[in-house]
Amino acid sequence: MSFEVKEKDLLARIGKLKTKTVTVETPLLFPVINPSIQPIPPKRLKSEFGFDAVITNAYILWKRYQNKPIEQGLHKFLDFDGAVMTDSGAYQILVYGNVEVTQKEIVNYQEQIGSDIATILDIPTGWKITKDQATETVKETLHRAKEFFKTKKRDDILWVGPVQGGRHLDLVAKSAVEMSKLPFQIHALGSPTEIMESYRFDVLVDMIMTAKMNLPVERPLHLFGAGHPAMFSLAVALGCDLFDSAAYALYARENRYMTENGTWRLSELDYFPCQCPRCTGNKPKDILTQTAKEREVFLAEHNLHVCQAELNRIKQAIRDGRLWEHVEMRCHAHPALLSGLKKLKTYENFIAKHSPTVKRSGLFFFDSPDLSRPEIIQFNNRLSENYSPPEPNMVLLLVPQTRSKPFHKAREFQKIKHVLKGVNPEMSKNVHVCFYAAPFGVIPLELDEVYPLSQHEVALPLDKETTEYVAERVADYVKRSEYVAVVLLHDPANWNNTIKAALRKACLEKRLPFEHVNLNVKRQKTILTRLETILNKNPSE
Ligand SMILES: [Zn+2]
C-alpha cells in the first residue's frame, strides 16, 4: 500500500504517501502551477515554502507545450524535484464545456511525461445543473474510469478516481460506491469549488461525508479546488488528505490577502496580521505603492505561507488530539463555516466510530455544537451498551458535577460522602452515586477517573441545548437501568428545572419512587439532614 497512516484524530490523519519520486506527508497541499503565468518558480515552492508537491494541468501542458514535457520529463520541465500531480482537463470542461482531447490521449500523455499522481478525464458535475445532467456526469465518469483500466500502461503512477455528483448526495454515494470497486490508489471529490465560493460549507460537509462513508477508508481522499486556509481544518477533520490551491495565485492577482480566518483586500488593511517572511517589516500601504507584478508576487508568497502555517497547525492539532478545538476556532470565523460545523451532528456516529478513543489531551467543551464530539458519543455508547450498576436493586443518588475533577475528590462531594457514612449501613451500601455532568450526561462515581471524564473543561453557564442533552441522557439512563428509587440533589442555579423535570417524567414512566433535595437552601446542614432522612427511610419503600 502506498499510503500509511501515522496519527489520527477525528477522521483526520497524518500519513505517508509514497509516490515514485518521493514520499510526502499528508495532509498535503499541492499549489497549482501554471507554467506560462507562474508567479513563483516551483523550485522555490519547495526550498523556501516547504511544499513537497505541486499540481499542474496536463491538458494545458499538452495544448501549449506538447512534446517538450515528454522529452525533458515533467520534473525537469517544471524544475521541481518533489511529487508532481497532474489534473486532466476536467476543470477546463467545467469552465469551457469541453476539451479537444480524448481520455486515452490525456492518460497516455500523463504516463509519457511521468506524473507521480495522475487523473483520468472525469466529467465534473458542477453546481448549477439539473439532476438529469448530474446523473449523466456520474455515469460518464464511471464509464471512463472502467475504460481507463483497459488502456493504462504504467503501474508506478498513483491514479486518481474522481467522485462526482455535486450536491446530489445520492449520486455522490453511488459514484463513490462504484469508484471504490476499481483499483484506484487515490480518490478525489470533484467540483466543490463553486460550493465553497458560494459559502455553502454545510453542503460541502454533506458532500465530503457522503463520499467518505462510501469510499475505502485506507485510500487517501483529495478535495479538488479547496484552497482557502479558513476551511482546511474542517475538511481535514472529515478525512480529506490532499488539497490543491490555485487560490493563492488567483487571490494575489486580485489584490486579496488570505488569512486563516478569511480574506482581506490589500487596500482594506492598515496592519499585516502575519509574521511570515514577506509581511515582517512591511506595511500594507508600502505594498500598495509597488507595481502590480511586485504586489502579485508579494501576495502569492504571503498566501502560500499562510496556507503552509495553517497546515502545520492542523498537523500539530492532530498529534495533540485537539483537532476539534482547532476546527471549532476556525469555524467561528464566519457563520457559513459554523453552519458547516453544526452539520457534523448528522454524521456524529460515523465520526465517533472512526475516531481514536484515547488521546494524550483532555477536551474543552464550549457549547452545544460540541455535543457531536466523538468523545461524548463514544462514552454514551459505551455506557448504554456495556455498563450496569454495581449491584441490582440499588437506590440511585444523582449528584451535580463539581467544579474540580475527579468529582469524587472534590470538596463539595466530601460532605455528601459524610452524609452517606451517617446513613444506616444496610441502606448506605445500597446507594449508588452517579454525577450528572455536562457534557457527558451520567457519570457513575466509580468511573469518574476514566478518560476523558476527568480530563475536560466546561464553559459555564451551560447553554439550553447542553442542559437538555444532559437531562435526556439522565432520563435514558434511569429508564434502562434497574434501580428501585431515584434521589436527586437538585441544583437549580446551574440546571434550572431541566434535570428534575426529565427525571420526574422518567420515574413516573417506570413507576419508580422519586425524591429530590434542593441545593439552593441557605443552610447546608438542612440539605444534608434532609438527604440523610430520605436515605434512612429507604425511598423505595
Ligand atoms: Zn504574511
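Numbering (this note's numbering), first residue to last: 17 to 557. Note that beta-carbon positions come from the ideal geometry of N, C-alpha and C, so glycine has one too. A quick note: this is a predicted structure, and the numbers were derived from the prediction, not measured.
Considering just the uninterrupted stretch of the alpha helix (DSSP H) at arginine 329, what are its terminal residues?
308 to 336
Suppose you measure from the CA of aspartate 97 to the CA of lysine 59; what does that come to, to the nearest Å?
Whole-angstrom Cα-Cα distance: 8 Å.
Mind checking whether the beta-carbon of cysteine 290 lies closer than 8 Å to any heavy atom of ligand 1?
Correct: cysteine 290 has its Cβ closer than 8 Å to ligand 1.
List the whole-angstrom C-beta distance separating valine 179 from alanine 192, where the pair is believed to meet the contact cut-off of C-beta under 8 Å.
5 Å
Can you find a heavy atom of ligand 1 that lies under 8 Å from the Cβ of histidine 244?
Answer for histidine 244: no, Cβ out of range of ligand 1.
Report yes if the C-beta distance between proline 208 and leucine 220 is below 9 Å; otherwise report no.
yes
Mind checking which residues open and close the beta strand (DSSP E) that includes isoleucine 49?
44 to 49
Closer than 8 Å: is that where the CB of valine 322 sits relative to any heavy atom of ligand 1?
yes
Taking DSSP's pairing of strands, which residues face aspartate 563 in a bridge?
For the chain, the structure presents residues 17 to 557; residue 563 sits outside this window and is missing.
Given 8 Å as the limit, is there contact between the segment 126 to 145 and the segment 209 to 218, that is, 3 or more CB pairs closer than that?
Short answer: they touch.
Along the beta strand (DSSP E) that carries threonine 157, what are the first and last residues, could you check?
Run containing threonine 157: none in the beta strand (DSSP E); it sits in the alpha helix (DSSP H), 147 to 167.
Please check if any C-beta of chain D sits within less than 9 Å of the C-beta of phenylalanine 423.
In summary, chain D is missing from the structure at hand, where a single protein chain is found.
Between the CA atoms of serine 384 and leucine 47 - distance to the nearest angstrom:
The sequence as given places proline at residue 47; leucine does not occur at that position. When rounded, the separation of the alpha-carbon atoms in proline 47 and serine 384 is 36 Å.
On the premise that leucine 461 lies in contact with histidine 424, defined as a C-beta separation below 8 Å, what is that separation, rounded to the nearest angstrom?
6 Å
Which partner residues of cysteine 450 appear in the DSSP bridge assignment?
Leu414 and Pro460
For ligand 2, any of its heavy atoms closer than 8 Å to the Cβ of cysteine 295?
Of the ligands this structure carries, namely ligand 1, none is ligand 2.
Is any heavy atom in ligand 1 found nearer than 8 Å to the beta carbon of histidine 318?
yes
Secondary structure at glycine 438, three-state DSSP: helix, strand or coil?
helix
Could you say if the segment 301 to 313 and the segment 227 to 235 meet the contact criterion of at least three C-beta pairs nearer than 8 Å?
no
Report the rounded CA-to-CA distance for arginine 29 versus histidine 203, giving the unit in angstroms.
15 Å
Length of the line joining the Cα atoms of leucine 304 and leucine 282
Looking at the two C-alpha atoms, the distance is approximately 7 Å.
One question on the structure: do threonine 42 and phenylalanine 19 come within less than 9 Å of each other, judged by their Cβ atoms?
yes
Is the separation between the beta-carbon of threonine 418 and that of glutamate 407 shorter than 9 Å?
no
Return helix, strand or coil for histidine 349, following the three-state DSSP convention.
It should be noted that the sequence gives alanine, not histidine, for residue 349. DSSP places alanine 349 in coil when its eight states are reduced to three.
Using CA atoms only, rank isn't needed, just tell me which of Thr72, Lys84 and Gln88 is closest to glutamine 108.
Thr72
Under the three-state DSSP convention, the category threonine 39 falls into:
strand
Start and end residues, beta strand (DSSP E) containing leucine 505
For leucine 505, the enclosing beta strand (DSSP E) covers residues 499 to 506.
When the Cα atoms are used, what is the spatial distance from isoleucine 224 to asparagine 446?
50 Å
3-residue-minimum beta strand (DSSP E) runs that sit fully inside the segment 70 to 155, ordered along the chain:
99 to 103 and 133 to 135
Which partner residues of valine 474 appear in the DSSP bridge assignment?
Paired residue(s): Phe381.
Give a yes or no on contact between the segment 319 to 327 and the segment 354 to 363, applying the rule of three or more CB pairs nearer than 8 Å.
no
Quick check for students: name the residue ranges of the beta strand (DSSP E) that lie wholly in the segment 208 to 278, counting only runs of 3 or more.
237 to 239, 258 to 261 and 272 to 275
In angstroms with no decimal places, state the Cα-to-Cα distance between proline 468 and asparagine 534.
29 Å
Proximity below 9 Å, CB of methionine 101 to CB of alanine 150
A distance of 9 Å or more separates the beta carbons of methionine 101 and alanine 150.
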